[in-house]
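To start, the structure under review is shown below, and the notes come after it.
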Amino acid sequence: MALLDDLKWRYATKKMNGQMVPQEKLDYILEAARLAPSSSGLQQYKILVTSDKALLEKIKGIAYHQNQITDCSHLLIWAAWDGYSEERVTNVFNNMMDARNLPHETMDAYKNSLLSLYAPLGQEWQAHHAAKQSYISFAMAIAAAAEQKVDATPIEGFIPEKLDELLNLKGTGFRSTVILPIGYREEENDWLVNMKKFRLPKEEFITEITINDAADI
Ligand SMILES: Cc1cc2nc3c(=O)[nH]c(=O)nc-3n(C[C@H](O)[C@H](O)[C@H](O)COP(=O)(O)O)c2cc1C
């Protein structure tokens, strides 16, 4: 129940008050993001964190001037792999095997099948697949922030190519995917704070299915 109460408490905060989030709460949110599951465990994304006001001001300019970016405490930026090279995938599996005290070759069959599945799909498909994984981590951070009574605004409203350029991501193999300002709501100036949460009704959102609903294939 606690999680559901936290999810009901949170909302996409439109106005933050500039108060700083304590380091231990920031660490908790980042740790939840790090613990997110990812396809094949590749963890094909990372998080950049900043509270640098001058940098936040620049980022705001490429995020349609959304004021949460400068009124927040910290901005979390997810950046995902721009493709699945053999070197990159092998490196993750080698590290995973090292952590588990297993020989590097242990998962070679799985790794090779993954590489041969992804290679023909092309780099854009791969970058999109990696970006999707980063959103799972993003959601974990949003939930963890709510648990810590820290406000957070999920933001896709920015120009990723420009952010990549600003943050010198071009040529690093990473592309920005989504950003999350965290901080504290300024209730008196936030038009959304007292609005009823709007979601699809359960009966529309959830459909129980059986074999009778399946196609004959
Ligand atoms: C991926 C994603 C991108 C979003 N981008 C923005 C954004 O750029 N600016 C903004 O104010 N809200 C943004 N939102 C917030 C949504 O509008 C909000 O989550 C949704 O309306 C549900 O409301 P609630 O989060 O307040 O419950 C985004 C949400 C998600 C999940």
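In case it helps, this note's numbering puts the sequence shown at residues 2 to 218.
Glycine included, every Cβ here is placed at the ideal spot set by N, Cα and C.
Check your understanding: In terms of alpha-carbon separation, which member of Trp-10, Gln-45, Ala-3 lies closest to Phe-175?
Key -> Gln-45
Exercise for review: Could you tell me whether the Cβ atoms of Phe-159 and Ile-63 are closer together than 8 Å?
Suggested key: yes
Practice item. Could you tell me which uninterrupted alpha helix (DSSP H) segments, each at least 4 residues in length, are contained entirely in the segment 150-213, listed from first to last along the chain? Key: Listed in chain order, the complete alpha helix (DSSP H) runs (minimum 4 residues) inside the segment 150-213 are 161-167, 203-206.
Exercise for review: If I'm right that Leu-1 touches Leu-168 with Cβ under 8 Å, what's the distance once you round it to whole angstroms?
Suggested key: Residue 1 falls outside the range modelled here, since the chain spans only 2 to 218, and no answer is possible.
**Study point:** Residue span of the beta strand (DSSP E) that contains Leu-46, given as start and end
**Key:** First, the amino acid is wrong: residue 46 is Tyr here, not Leu. Element bounds for Tyr-46: 46-51.
**Study point:** Terminal residues of the beta strand (DSSP E) in which Ile-78 lies
**Key:** 75-82
**Study point:** Inter-residue spacing [alpha-carbon to alpha-carbon] between Glu-25 and Glu-32
**Key:** 10 Å
Check your understanding: In whole angstroms, what separates the C-alpha of Glu-162 from that of Asp-214?
Key -> If I take the Cα positions, the gap works out to 43 Å.
Review point. Alpha carbon to alpha carbon, how far is Ile-143 from Phe-199?
Key: Roughly 18 Å separates the two Cα atoms.
**Study point:** Environment of Glu-58 [buried if 16+ CB atoms lie within 10 Å]
**Key:** exposed
Point to revise | Nearest-angstrom Cα separation, counted from Lys-15 out to Asp-191 | key: 6 Å
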